[in-house]
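Asks:
Residue numbers (our numbering): -5 to 186.
(1) Spatial neighbours of residue 121 within its chain, please: C-beta separation below 8 Å, excluding the five flanking residues on both sides.
(2) Exposed or buried, which one is residue 64 when buried takes at least 16 other CB atoms within 10 Å?
(3) Using 8 Å for Cβ pairs, my map puts residue 151 next to residue 70. What's the rounded Cβ distance?
(4) Output yes or no for whether 8 Å exceeds the beta carbon distance between residue 12 and residue 23.
(5) Starting from residue 181, trace the beta strand (DSSP E) in both directions and tell me its first and last residue.
(6) Could you tell me the distance, in whole angstroms, from the CA atom of residue 83 to the CA atom of residue 49?
(7) Whole angstroms is fine: what's the gap from residue 59's alpha carbon to residue 92's?
(8) With distances taken between CB atoms, is the gap from residue 148 to residue 73 smaller than 8 Å?
(9) Which residues in the same chain have their Cβ closer than 6 Å to the Cβ of residue 78, if we skip the five residues on either side of it in sequence?
(10) For residue 144 and residue 117, what's the separation of their Cα atoms in angstroms?
(11) Please report how far the alpha carbon of residue 94 lies from the alpha carbon of residue 134, in whole angstroms.
(12) Residue range of the alpha helix (DSSP H) that residue 118 falls in?
(13) Thinking C-beta only, is residue 137 closer than 8 Å to residue 179?
(14) Within a Cβ cutoff of 6 Å, which residues of the same chain sit near residue 5, ignoring the five residues on either side of it in sequence?
(15) Give the C-beta separation of residue 265 and residue 16 to the nearest angstrom, bearing in mind that I take them to be a contact with Cβ-Cβ under 8 Å.
(16) Can the beta-carbon of residue 141 be found less than 8 Å from the beta-carbon of residue 129?
(17) Beta-carbon within less than 6 Å of residue 111's beta-carbon, same chain only, minus the 5 sequence neighbours each way: which residues are those?
(18) Among residues of its own chain, excluding the 5 on either side of residue 181, which ones have a beta-carbon nearer than 6 Å to its beta-carbon?
(19) I need the straight-line Cα distance from residue 51 to residue 105, nearest angstrom please.
Shown next as C-alpha cells:
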C-alpha cells in the first residue's frame, strides 16, 4: 500500500532527537512520526493534550512507586467500616496510616529535595481519582492548611487520610494544631 506523504517542518534539534528515538525503537522516522501524530489525534478526540496525558502517567507511576494500588472505592469503604467498628483495630489502622505517611514524607524528602510540597501535591492529586479534591495552602511556610473533600469518601477513609497527612508533614517539622474530620471533609492546620 502506497501512502501519500506531506512535508512538515520541524526544528532541526527535535528532528534529530526524533530520528534517534525512532532508530532505538527499530522504526523509520516516517512511521515513528505517524504514530506520534495518530496519538495526538486520539488525545484531541478525548479532549486531553499530550502534556495532560503525560503528566497523568508520570503521576500514576509516582503513586505506584510509593505503594498505591487501585481498589474499588466501595470495597475500600466497606473494609474500613468493618475495621472501624472495633476501637482497638481502628487505632491500629490509623497508626498504620500515620506510619505510612511518615515513610512517604521521608521518601519525598530523599527523592525530591527542594520540591517536597510539589510532589506531595502531585501524589495527592494522582491518588484522588473519584472526584476528591486535595488543597494545600502553603502561602505561609510556618502554617499550612490542608483540605480534602469529596462526597464519595466515607468518614473512615477521611480519618485514615488525615492520619497519613499528619505523618507526612511531621517529617517536615509540622505539628497538627487543628484537626476537623467528618464524612468526606478533612481540614488540618499544621504549624512549625
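Just so it is clear, CB atoms sit at the ideal spot from N, CA and C, and this is done for glycine as well. These numbers come from a predicted model, not from an experiment.
Replies: From the atom records:
(1) By 1-based counting over the chain shown, the position of residue 121 is 127. Correct list, in chain order: 57, 62.
(2) Numbered from its first residue, the chain shown carries residue 64 at position 70. Its Cβ having fewer than 16 others within 10 Å, residue 64 is exposed.
(3) Counting from 1 along the chain shown, the entry for residue 151 is found at position 157. Counting from 1 along the chain shown, the entry for residue 70 is found at position 76. Sure, about 7 Å apart at Cβ, within 8 Å.
(4) Against the chain shown, residue 12 aligns to sequence position 18. Against the chain shown, residue 23 aligns to sequence position 29. A distance below 8 Å separates the beta carbons of residue 12 and residue 23.
(5) If you number the chain shown from 1, residue 181 lands on position 187. That run of the beta strand (DSSP E) goes 179 to 185.
(6) Taking the chain shown and counting its residues from 1, one reaches residue 83 at position 89. Taking the chain shown and counting its residues from 1, one reaches residue 49 at position 55. If you take the alpha carbons of residue 83 and residue 49, they lie about 37 Å apart.
(7) Here residue 59 refers to the residue found at position 65 when the chain shown is read from its first residue. Here residue 92 refers to the residue found at position 98 when the chain shown is read from its first residue. When the Cα atoms are used, residue 59 and residue 92 turn out to be separated by approximately 18 Å.
(8) In the chain shown, residue 148 corresponds to position 154, counting from 1. In the chain shown, residue 73 corresponds to position 79, counting from 1. Against a cut-off of 8 Å, the Cβ pair of residue 73 and residue 148 comes out as no contact.
(9) Counted from its first residue, the chain shown places residue 78 at position 84. Counting only Cβ-Cβ distances below 6 Å, and skipping sequence neighbours, we find 84, 150.
(10) Here residue 144 refers to the residue found at position 150 of the chain shown. Here residue 117 refers to the residue found at position 123 of the chain shown. Note on geometry: alpha-carbon atoms of residue 144 and residue 117 lie some 17 Å from one another.
(11) Counted from its first residue, the chain shown places residue 94 at position 100. Counted from its first residue, the chain shown places residue 134 at position 140. Distance between the alpha carbons of residue 94 and residue 134 is about 26 Å.
(12) Here residue 118 is taken as the residue at index 124 of the chain shown, counted from 1. If you look at residue 118, you'll find it in the alpha helix (DSSP H) that goes 110 to 121.
(13) For the purposes of this step, residue 179 is taken as residue 185 along the chain shown, with counting starting at 1. For the purposes of this step, residue 137 is taken as residue 143 along the chain shown, with counting starting at 1. Not closer than 8 Å, so no.
(14) On the chain shown, position 11 is the one that residue 5 refers to. Taken in chain order, the list of residues that qualify is empty.
(15) No answer is possible for residue 265: it lies beyond the span of the chain, which begins at -5 and ends at 186.
(16) Here residue 141 corresponds to residue number 147 of the chain shown, with the count starting at 1. Here residue 129 corresponds to residue number 135 of the chain shown, with the count starting at 1. Yes; because the gap between Cβ atoms is below 8 Å, this pair is in contact.
(17) Here residue 111 refers to the residue found at position 117 of the chain shown. Residues of the same chain with a CB within less than 6 Å of the CB of residue 111, apart from the 5 flanking positions on each side, are 132 in chain order.
(18) Within the chain shown, residue 181 is the residue found at index 187, counting from 1. Around residue 181: 141, 174.
(19) Numbered from its first residue, the chain shown carries residue 51 at position 57. Numbered from its first residue, the chain shown carries residue 105 at position 111. CA-CA distance, residue 51 to residue 105, rounds to 18 Å.
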